[in-house]
């Protein structure tokens, strides 16, 4: 029973982290699916989302707003607006001018953008990590007292529910709406979509904006879950989310979800049963193994090399 | 109609500029005790944000006109239609310039302060690293984001060998470099089948794994505390300390009967770094003109065509990767000896990014460009100390701008051409 509870606890923790990875991974996978580049600066967009949420929450507290749903909603909206604008601007400044050039050029540009954004926040907000107020406290306990108790906190439930809602909304949007249909068309064949009168530049901007908005949601959620933010916290999270996207099959939205959950569980199992320090090693190891043996990921389509 | 559209677009861009700069720059989070408060920025920042938004607005509004003017400027540039120098003349100039530079570098440390010689040693270490990475990224076109891992292997090899077996710098130098090359070989073998951008991520992951292992394998590597007491290099068994540390050695200043000075050691280390950097440059220069060097470039330009001409993809890429790693190991050993202390802190991803920035700024594939960029990137932040915190910000921006405007780098690589003589 003890072992089962312990295992359950790791599973819950893994699912929580994993679903936020999935939210960030959407940004990587959609951009890759459409223009075939790794948006290296996506982790920084997520970090900016977290910072904006924290700034909004602090601002609202100063103004005397205390009703929790309002605080969360306004923080969420502000974070999404700032992150989406950032995503749009990054695409406009750093990626659009180099689109279609040799593969390494957009990637180096993206790395430069990532370094730039990290240091932009570092200079503006300082390098120390800043505590994120615990807005949602409490939870449930399972198991008899005195022994190991499995706990599910409210924030974990909030994270699940929000992720689920976001993912469902995104799936519906991609499959039903006009822009979603155009997105799918562009990802299948950019040139042909262009010929058929789809404004591909707008669609590409839209994917960046959607990805950034979901990253901002993840930023708010993970900021509350971890309890602090710092300018470097987007980098590792971005790498993990990229791993999740590759694991599930880059370019595939359900794949990103699946990959995120698997990665989250693998990490929490490692920190639960081995050591917390090696969880990054496990996820990068997983990434390397997946790329070596199944580069298309779990749900991805194989890419044919054309001459 | 066009004007109205332009105005709308310009307004939109200006609003976006405000949105992305106002909350992050204008409102600073301050932790006061356990409470977090918001602090408004100083008026200067506000003015800067306003000016930026206005600039974006005006630029977008008159985009066509401004770009048109810029195009005109190019034709005014007197250098624009100058013919490139004939190859023989350029090569001659280049070799004279390089020789002068090396001679100058040899005598220079005897006339300047200890601090600048120390800095120059660091510059030389970066030159070695950048030249090595230049082989991988610039010539073979493999984006390696975990290059710093090989640097770490070189540095830690020397540190551990000297700590556990008391092996000296000169022994550790080849061992460290070879071990780094071995790491490159072992890592490269499986991953080089991957496509460009996947390769970049895998190497990044590998670099992080090495760093995490160094950080956590506390009984061997000392973990975050690092390893200290790394010995200085000796000159034919002569030590540079005031007192001889090891039995049977003599000290440099006593042998030559000169007064002890701490500068001797610094200058000696600088000279070693100089010799190694020149060695690195020469070896790579030779390799570039050998069949293997041409194969690197062929594979970078068109993989499918190169393979159909019979080049072994794995073999060629692996050779570039291994050679790059070898020189990183070299640089790592010198670095460990210069610092006397190493810890995983020195081998973070940012370091890889700096070396990559050097290669990109200098011009991928161009040795001269990479050397000049390494000097500039290391020395400029030292000269402008008050701006040193903006260093990485500027690097990031420079990388983006270079990719947008001048992806070939500041001093692009020029291919050496050989013509058949058209005589009898």
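Residue numbers (the working numbering), protein chains in the order written: chain P, 13 to 319; chain R, 140 to 563.
All C-beta atoms in this analysis are idealised placements derived from N, C-alpha and C, irrespective of residue type, glycine included.
Quiz item: Any residues in the segment 502-518 of chain R with a beta carbon nearer than 8 Å to a beta carbon of chain P? Which ones, in chain order?
Solution: none
Practice problem: Output yes or no for whether 7 Å exceeds the beta carbon distance between residue 223/P and residue 259/P. | Solution: Counting from 1 along the first chain, the entry for residue 223/P is found at position 211. Counting from 1 along the first chain, the entry for residue 259/P is found at position 247. Cβ atoms of residue 223/P and residue 259/P: not closer than 7 Å.
Quiz item: Who pairs with residue 163/P in a beta bridge, going by DSSP?
Solution: Translated into positions along the first chain, residue 163/P becomes position 151. BP columns for residue 163/P point to 153/P.
Self-check item: Touch test, the segment 48-61 of chain P against the segment 283-290 of chain P, Cβ-Cβ under 8 Å, three pairs minimum
Solution: no
Quiz item: Can you list, in chain order, the residues of its chain whose CB lies under 8 Å from that of residue 205/R, leaving out five sequence neighbours each side?
Solution: On the second chain, residue 205/R is found 66 positions in, with the first residue counted as 1. Cβ within range, chain order: 198.
Quiz prompt | Beta-bridge pairing of residue 143/P - partner residues as DSSP gives them | solution = As a position in the first chain, residue 143/P is number 131, starting the count at 1. 240/P, per the DSSP bridge assignment.
Quiz item: Closer than 7 Å, CB to CB, is residue 280/P near chain R or not?
Solution: If you number the first chain from 1, residue 280/P lands on position 268. Chain R, which has no Cβ nearer than 7 Å to the Cβ of residue 280/P, makes this no.
Quiz item: Considering residue 56/P, what are the terminal residues of the beta strand (DSSP E) in which it resides?
Solution: Taking the first residue of the first chain as 1, we reach residue 56/P at position 44. Unbroken run through residue 56/P is the alpha helix (DSSP H), 54-75; no beta strand (DSSP E).
Self-check item: Interface flag, residue 146/P vs chain R, CB-CB below 7 Å
Solution: As a working mapping, residue 146/P is identified with position 134 in the first chain. Taking Cβ atoms only, chain R never reaches closer than 7 Å to residue 146/P, which makes this a no.
Practice problem: Could you tell me which of 512/R, 257/R, 526/R and 407/R sits nearest to residue 493/R, measuring between CA atoms? | Solution: For this step, residue 493/R is matched to residue 354 along the second chain. The residue with the shortest Cα to Cα distance from residue 493/R is 512/R.
Quiz item: Which residue comes first and which comes last in the beta strand (DSSP E) that contains residue 276/R?
Solution: Within the second chain, the letter at position 137 stands for residue 276/R. Neither: residue 276/R is in no beta strand (DSSP E) and is coded neither H nor E.
Self-check item: Below-7 Å beta-carbon distance, residue 355/R vs any chain P residue
Solution: Within the second chain, numbered from 1, the residue matching residue 355/R stands at position 216. Yes, contact with chain P.
Quiz item: On the premise that residue 279/R lies in contact with residue 438/R, defined as a C-beta separation below 8 Å, what is that separation, rounded to the nearest angstrom?
Solution: Taking the first residue of the second chain as position 1, residue 438/R is located at position 299. Taking the first residue of the second chain as position 1, residue 279/R is located at position 140. So it is a contact: roughly 7 Å between Cβ atoms.
Quiz item: Taking C-beta to C-beta, are residue 68/P and residue 87/P nearer than 7 Å?
Solution: The sequence position of residue 68/P within the first chain is 56, counting from 1. The sequence position of residue 87/P within the first chain is 75, counting from 1. Their beta carbons are under 7 Å apart, which means residue 68/P touches residue 87/P by this criterion.
Practice problem: For residue 137/P, decide whether its Cβ has a neighbour in chain R, counting only Cβ atoms nearer than 7 Å. | Solution: Indexing the first chain from 1 puts residue 137/P at position 125. Interface residue, yes.
Practice problem: Find out if the Cβ-Cβ distance for the pair residue 471/R, residue 290/R is shorter than 7 Å. | Solution: As a working mapping, residue 471/R is identified with position 332 in the second chain. As a working mapping, residue 290/R is identified with position 151 in the second chain. Yes; because the gap between Cβ atoms is below 7 Å, this pair is in contact.
Quiz prompt | Distance between residue 143/P and residue 180/R (C-alpha atoms, nearest Å) | solution = Working through the second chain from its first residue, we reach residue 180/R at position 41. Working through the first chain from its first residue, we reach residue 143/P at position 131. Going from the Cα of residue 180/R to the Cα of residue 143/P covers about 20 Å.
Exercise. Report the three-state DSSP secondary structure of residue 180/P (helix, strand or coil).
Key: Taking the first chain and counting its residues from 1, the one referred to as residue 180/P is at position 168. In this structure, residue 180/P counts as helix in the three-state DSSP scheme.
Quiz item: Given residue 210/P, which residues of its chain have a CB within under 7 Å of its CB, disregarding the five upstream and five downstream residues?
Solution: By 1-based counting over the first chain, the position of residue 210/P is 198. Within the same chain, residue 210/P has close Cβ partners 194, 197 and 198.
Quiz item: What does residue 131/P reach in chain R if we use C-beta pairs closer than 8 Å?
Solution: As a working note, residue 131/P is residue 119 in the first chain. Chain R residues near residue 131/P: 529, 531, 532 and 535.
Self-check item: Identity of the residue in 98/P, 37/P and 17/P nearest residue 175/P by Cα
Solution: Stepping through the first chain from its first residue, residue 175/P is reached at position 163. When only C-alpha atoms are compared, the closest one is 37/P.
Quiz item: At a cut-off of 6 Å, is residue 292/R close to the ligand PLP when judged by its beta-carbon and the heavy atoms of the ligand?
Solution: Questions concerning the ligand PLP fall outside what the structure shown contains, since it holds no ligand whatsoever.
Self-check item: Neighbourhood of residue 154/P by C-beta, 6 Å cutoff - its chain only, sequence neighbours within 5 removed
Solution: Within the first chain, numbered from 1, the residue matching residue 154/P stands at position 142. For residue 154/P, where only same-chain residues beyond five positions count, the Cβ hits under 6 Å are 162.
Practice problem: State buried or exposed for residue 429/R, treating a residue as buried only when at least 16 other CB atoms are found within 10 Å of its CB. | Solution: Within the second chain, residue 429/R is the residue found at index 290, counting from 1. Flag for residue 429/R reads exposed.
Practice problem: Would you tell me roughly how many angstroms separate the C-alpha atoms of residue 265/R and residue 517/R, rounded to the nearest one? | Solution: Working through the second chain from its first residue, we reach residue 265/R at position 126. Working through the second chain from its first residue, we reach residue 517/R at position 378. Rounded to whole angstroms, residue 265/R to residue 517/R spans 8 Å at the Cα level.
Quiz item: DSSP beta-bridge partners for residue 169/R?
Solution: For the purposes of this step, residue 169/R is taken as the residue at position 30 of the second chain. DSSP lists 176/R as partners of residue 169/R.
Quiz item: According to DSSP, is residue 148/P helix, strand or coil?
Solution: One-based indexing of the first chain puts residue 148/P at position 136. Residue 148/P: coil per DSSP, three-state reduction.
Quiz item: Within 7 Å (strictly less), CB to CB, does residue 101/P reach chain R?
Solution: Within the first chain, residue 101/P is the residue found at index 89, counting from 1. Chain R contact via Cβ: present.
Practice problem: Could you spell out the range, first to last residue, of the alpha helix (DSSP H) harbouring residue 364/R? | Solution: By one-based count along the second chain, residue 364/R stands at place 225. It is not in any alpha helix (DSSP H) - residue 364/R carries neither H nor E in the DSSP assignment.
Quiz item: Listed from N- to C-terminal order along the chain, which residues in the segment 157-173 of chain R have their beta-carbon within a distance smaller than 7 Å of any beta-carbon of chain P?
Solution: 158, 159, 162, 163, 164, 166, 167, 168 and 170
Quiz item: Short check: CB of residue 17/P to CB of residue 152/P, under 7 Å?
Solution: Walking along the first chain from the start, residue 17/P turns up at place 5. Walking along the first chain from the start, residue 152/P turns up at place 140. Result no, Cβ atoms of residue 17/P and residue 152/P do not sit closer than 7 Å.
Self-check item: Residues that DSSP places opposite residue 481/R in a beta bridge
Solution: Position 342 of the second chain holds residue 481/R. Its beta-bridge partners are 366/R.
Quiz item: So the alpha helix (DSSP H) residue 434/R belongs to, where does it begin and stop?
Solution: Numbered from its first residue, the second chain carries residue 434/R at position 295. That run of the alpha helix (DSSP H) goes 430-440.
Quiz prompt | Contact set between residue 177/R and chain P, taken where Cβ atoms lie within less than 8 Å | solution = Taking the first residue of the second chain as 1, we reach residue 177/R at position 38. Result: 67, 70, 71 and 74.
Exercise. Helix, strand or coil for residue 266/R, going by three-state DSSP, please let me know.
Key: Numbered from its first residue, the second chain carries residue 266/R at position 127. Reduced to three states, the DSSP call for residue 266/R is helix.
Practice problem: Would you identify the three-state DSSP class for residue 42/P, choosing helix, strand or coil? | Solution: As a working note, residue 42/P is residue 30 in the first chain. Looking at residue 42/P - three-state DSSP - the assignment turns out to be helix.
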